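Q:
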Ligand code: PMP
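Residue numbers (my numbering): 51 to 621.
#1: When you measure from the CB of residue 370 to every non-hydrogen atom of the ligand PMP, does any distance come out below 7 Å?
#2: So, does the segment 419-435 touch the segment 344-356, judging by three or more C-beta pairs under 8 Å?
#3: Might you give, ordered along the chain, the residues of its own chain that have their beta carbon closer than 6 Å to the beta carbon of residue 502, omitting 5 neighbours on each side?
#4: Distance check for residue 377 and residue 216, CA to CA, integer angstroms please.
#5: Residue 88: buried (16+ other C-beta within 10 angstroms of its C-beta) or exposed?
#6: Between residue 415 and the ligand PMP, is there a pair consisting of the residue's CB and a ligand heavy atom that are separated by less than 7 Å?
#7: If residue 268 sits next to residue 247, beta carbons under 8 Å apart, how far is it from one beta carbon to the other, in whole angstroms?
#8: In chain order, what are the residue ranges of uninterrupted alpha helix (DSSP H) at least 4 long that sit wholly in the segment 546-598?
#9: Measure the C-alpha to C-alpha separation of residue 618 and residue 459 and round it to an integer number of angstroms.
#10: Report yes or no: do the segment 482-490 and the segment 390-404 share at least 3 C-beta pairs separated by less than 8 Å?
#11: Measure the alpha-carbon distance for residue 323 versus residue 158 and round it to whole angstroms.
#12: Would the beta-carbon of residue 224 be found less than 7 Å away from any heavy atom of the ligand PMP?
#13: Anyone know if the C-beta pair for residue 336 and residue 94 falls short of 8 Å?
#14: Closer than 5 Å is what we want: which residues have a beta carbon that near any heavy atom of the ligand PMP? List them in chain order.
#15: Let's see if you can read the secondary structure: which residues bound the beta strand (DSSP E) around residue 286?
#16: Is it right to say residue 123 is buried, meaning 16 or more other beta carbons lie within 10 angstroms of its own, or is it exposed?
#17: Can you give the Cα-Cα distance for residue 379 and residue 352, rounded to whole angstroms?
#18: Just to check my reading of the structure: residue 224 and residue 251 have Cβ atoms closer than 8 Å, yes? What is that Cβ distance to the nearest angstrom?
#19: Thinking C-alpha only, which one of 207, 186, 212 and 227 is nearest residue 199?
#20: Take every Cβ of the segment 272-283, pair it with every Cβ of the segment 132-143, and state whether three or more of those distances are shorter than 8 Å.
#21: If you draw a straight line from the alpha carbon of residue 407 to that of residue 210, how long is it in whole angstroms?
#22: Ordered along the chain, which non-local residues of its own chain (more than five positions away) have a Cβ less than 6 Å from that of residue 452?
#23: Which same chain residues end up closer than 6 Å to residue 115 when comparing Cβ atoms and leaving out the 5 residues on each side of it in sequence?
#24: Does residue 61 pass the burial test, meaning 16 or more other C-beta atoms within 10 Å, or should it be called exposed?
#25: Measuring alpha carbon to alpha carbon, tell me which of 375, 296, 444 and 448 ends up nearest residue 422.
#26: Using C-beta distances below 7 Å, list every residue in its chain close to residue 169, excluding the 5 sequence neighbours before and after it, in chain order.
#27: Following the continuous beta strand (DSSP E) through residue 540, name the residue where it begins and the one where it ends.
#28: Quick check: is any heavy atom of the ligand GTP less than 7 Å from the C-beta of residue 278?
#29: Give the straight-line distance between the Cα atoms of residue 456 and residue 517, rounded to the nearest whole angstrom.
#30: Three or more beta-carbon pairs under 8 Å between the segment 71-90 and the segment 437-449, yes or no?
#31: Measure the Cβ-Cβ separation of residue 368 and residue 449 and say whether it is below 8 Å.
#32: Exposed or buried, what is residue 214 when buried is set at 16 or more other beta-carbons lying within 10 Å of its beta-carbon?
#33: Given residue 26, which residues of its chain have a CB within under 6 Å of its CB, disregarding the five upstream and five downstream residues?
#34: Using a Cβ-Cβ cutoff of less than 8 Å, which residues in the same chain neighbour residue 541 once the five nearest sequence positions on both sides are dropped?
#35: From residue 341 to residue 234, what does the alpha carbon distance come to, in whole angstroms?
#36: For residue 410, collect the residues of the same chain with a Cβ closer than 6 Å to its Cβ; drop the 5 residues on either side in sequence, then sort them by chain order.
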């Protein structure tokens with residue numbers, strides 16, 4: 051049994067609070083937190099041994115070089131590579147896949163060749179293959195999954211043929227937690243002569259990796275998902291494959307000899323590590339791997355399976371909540387949606403955040419997978435070695451509370467129906483600035499972000515209804531995680547007054563729309579163009595408290611109104 055309290059005590063982040071609550075971190079599939087062992091190793095490297103590597107004759111550079119190369123040896127041991135030269139340091143899983151797609155793909159793909167991916171892939175294991183397919187004329191074929199989120203092996207075997215050049219699949223799905231039978235997937239691909247890349251980003255911190263036993267041709271992962279730093283990752287590749295591929299980037303360290311006529315390349319691993327690498331990242335990664343080994347992956351895996359079972363039991367008992375992905379073999383990931391009452395995952399995420407609980411919401415960079423389930427997003431909790439059963443109980447209790455509150459609200463706010471624009475009327479302030487001042491005064495009066503957040507949600511509840519007939523492709527605003535429609539028009543009987551209706555499936559966004567409506571709707575094009583929205587958002591603290599995607603969504607809505615104002619102003 052793992053002593054979770056002792057493990058947790060090694061993570062300084064858990065000394066912090068979120069909105070006044072103890073931090074409950076359930077987003078390890080996005081990034082794990084770092085233990086003191088890793089933080090201290092990186093710190094000591096910077097304090098005592100930093101210098102550029104490989105070329106320095108002085109002792110400090112040689113020490114840094116030794117640490118960097120020892121880190122490579124640690125990686126090789128961790129994944130059981132035959133030779134550490136087969137382990138290339140990259141920025142992460144994404145760069146590793148791009149490297150293989152670009153270099154192996156350029157040397158090996160021709161028109162009509164096929165690349166097989168699965169429906170479960172992360173965008174970083176889709177888009178690089180699309181890029182090289184477009185260049186070479188190769189085609190992408192996709193392995194379907196069943197409703198539980200498992201790869202359909204029979205369908206996979208039918209896709210395999212003499213045209214298959216490469217199969218790229220993940221070992222664990224980041225969105226659903228499905229553990230794929232990669233050993234069988236690899237063997238079947240090899241039987242038709244195809245090469246296999248395994249995206250191990252979601253596996254390496256949760257079970258033993260043995261690239262030789264798997265017989266993987268390429269295996270990729272990121273440091274920040276196994277208790278290490280960001281900006282460092284690994285590409286493992288079989289020596290013969292790496293040797294016969296062209297280099298990825300040109301620059302220092304990857305050459306043997308350079309003349310203007312001809313350059314020869316350095317042997318592995320330097321051939322694929324152009325420029326000064328992330329030395330401290332490699333040192334931190336090695337410290338993370340050693341730290342994981344000190345606990346033992348068997349112990350970690352057993353602990354996370356207990357968390358998974360508990361979370362699955364608790365969340366499936368909540369009425370109105372539906373778990374997505376019920377594969378027989380899963381790692382510590384639970385993804386869900388709330389269908390009764392329908393709740394935007396963004397709202398679930400922000401409501402949990404206000405209780406100190408960090409989860410991920412959205413498409414998890416797996417839009418094709420979301421499309422397979424006919425949904426736009428899920429809410430996802432993912433576990434690490436530091437999570438305990440109490441974290442999961444807190445999540446389940448908070449979700450029960452959030453759903454109950456949404457239910458109570460739903461029964462008291464009857465949906466208003468209007469056709470077309472109907473008799474839309476909004477009393478406009480004297481100017482956008484006057485409206486902004488009114489809003490800012492209320493924000494200043496509310497003491498903290500949770501109260502301001504609630505105020506925004508309350509405004510959203512009172513948003514003027516937008517008729518369904520106005521929610522078309524033309525009124526959809528892109529750049530938002532949630533669905534947003536905004537229909538703007540010149541107010542009847544005027545030549546330059548702009549008004550708009552908008553709606554979203556997320557309550558927080560509805561609140562932001564209400565703010566925008568208060569500021570812009572009913573104002574002249576000139577006044578709209580003169581108003582500095584960004585400065586206003588900063589003034590009321592939205593720039594600090596909204597996520598990047600939400601800020602982008604807000605900016606996209608503002609842009610839609612401004613575009614119409616510009617058209618009106620230039621007529
Ligand atoms: N593959 C999978 C399965 C992932 O979960 C992720 C990260 N979410 C990646 C690839 C990309 O990893 P990185 O962003 O570290 O390059």
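Every residue gets a Cβ at the ideal spot worked out from N, C-alpha and C, and that includes glycine.
Just so it is clear, the structure is predicted and the values come from calculations on it, not from any experiment.
A: A quick look at the data gives this:
#1: Locating residue 370 in the chain shown gives position 320, counting from the first residue. Flag unset: Cβ of residue 370 not near the ligand PMP.
#2: yes
#3: Position 452 of the chain shown holds residue 502. Answer for residue 502: 493 and 496, listed in chain order.
#4: Here the question's residue 216 lines up with position 166 in the chain shown. Here the question's residue 377 lines up with position 327 in the chain shown. Answer to the nearest angstrom: the Cα atoms are 25 Å apart.
#5: By 1-based counting over the chain shown, the position of residue 88 is 38. Burial call: buried.
#6: One-based indexing of the chain shown puts residue 415 at position 365. Because some heavy atom of the ligand PMP lies under 7 Å away, the Cβ of residue 415 counts as near it: yes.
#7: Residue mapping note: residue 268 aligns to position 218 of the chain shown, counting from 1. Residue mapping note: residue 247 aligns to position 197 of the chain shown, counting from 1. Contact flag correct, Cβ pair sits at about 4 Å.
#8: 557-570, 575-580, 583-589 and 592-595
#9: The sequence position of residue 618 within the chain shown is 568, counting from 1. The sequence position of residue 459 within the chain shown is 409, counting from 1. Computed Cα separation, rounded: 39 Å.
#10: no
#11: In the chain shown, residue 323 corresponds to position 273, counting from 1. In the chain shown, residue 158 corresponds to position 108, counting from 1. Approximately 21 Å, taken between the alpha carbons.
#12: Reading the chain shown from its first residue, position 174 is the one you call residue 224. Under cutoff, so the answer is yes.
#13: Here residue 336 corresponds to residue number 286 of the chain shown, with the count starting at 1. Here residue 94 corresponds to residue number 44 of the chain shown, with the count starting at 1. No.
#14: 142, 143, 144, 172, 174, 220, 224, 249, 251, 252 and 272
#15: Reading the chain shown from its first residue, position 236 is the one you call residue 286. Taken as a continuous stretch (DSSP letters only), the beta strand (DSSP E) holding residue 286 covers 283-287.
#16: Position 73 of the chain shown, counting from 1, holds the residue named residue 123. Its Cβ having fewer than 16 others within 10 Å, residue 123 is exposed.
#17: For the purposes of this step, residue 379 is identified with residue 329 of the chain shown, where counting begins at 1. For the purposes of this step, residue 352 is identified with residue 302 of the chain shown, where counting begins at 1. C-alpha separation (whole angstroms): 13 Å.
#18: Translated into positions along the chain shown, residue 224 becomes position 174. Translated into positions along the chain shown, residue 251 becomes position 201. That pair is a contact at about 7 Å.
#19: Numbered from its first residue, the chain shown carries residue 199 at position 149. Ranking the options by Cα distance to residue 199, first place goes to 227.
#20: yes
#21: In the chain shown, residue 407 corresponds to position 357, counting from 1. In the chain shown, residue 210 corresponds to position 160, counting from 1. Each residue's Cα considered, the two are about 43 Å apart.
#22: Sequence index remark: in the chain shown, residue 452 carries index 402 (1-based). Once the five neighbours on either side are set aside, the close Cβ partners of residue 452 are 401.
#23: For this step, residue 115 is matched to residue 65 along the chain shown. Within the same chain, residue 115 has close Cβ partners 103 and 104.
#24: What you label residue 61 is simply residue 11 of the chain shown in a count that begins at 1. The residue in question, residue 61, is buried, as its Cβ has 16 or more Cβ neighbours within 10 Å.
#25: As a position in the chain shown, residue 422 is number 372, starting the count at 1. When each option's Cα is compared against that of residue 422, the closest is 375.
#26: Here residue 169 refers to the residue found at position 119 when the chain shown is read from its first residue. Counting only Cβ-Cβ distances below 7 Å, and skipping sequence neighbours, we find 192, 193, 194, 195, 418, 419 and 422.
#27: In the chain shown, residue 540 corresponds to position 490, counting from 1. Where residue 540 is concerned, the enclosing beta strand (DSSP E) stretches over 534-540.
#28: This structure simply doesn't include the ligand GTP; it includes the ligand PMP instead.
#29: Within the chain shown, numbered from 1, the residue matching residue 456 stands at position 406. Within the chain shown, numbered from 1, the residue matching residue 517 stands at position 467. Their backbone Cα atoms lie some 22 Å apart in a straight line.
#30: yes
#31: Along the chain shown, one-based indexing puts residue 368 at 318. Along the chain shown, one-based indexing puts residue 449 at 399. Result yes, Cβ atoms of residue 368 and residue 449 sit closer than 8 Å.
#32: Here residue 214 refers to the residue found at position 164 of the chain shown. It is buried - the Cβ of residue 214 has at least 16 other Cβ atoms within 10 Å.
#33: No statement about residue 26 is possible, as the shown extent of the chain runs from 51 to 621 and does not include it.
#34: By one-based count along the chain shown, residue 541 stands at place 491. Same-chain partners within the cutoff: 547, 548, 549 and 572.
#35: As a working mapping, residue 341 is identified with position 291 in the chain shown. As a working mapping, residue 234 is identified with position 184 in the chain shown. Rounded to whole angstroms, residue 341 to residue 234 spans 30 Å at the Cα level.
#36: As a position in the chain shown, residue 410 is number 360, starting the count at 1. Around residue 410: 77, 80 and 430.
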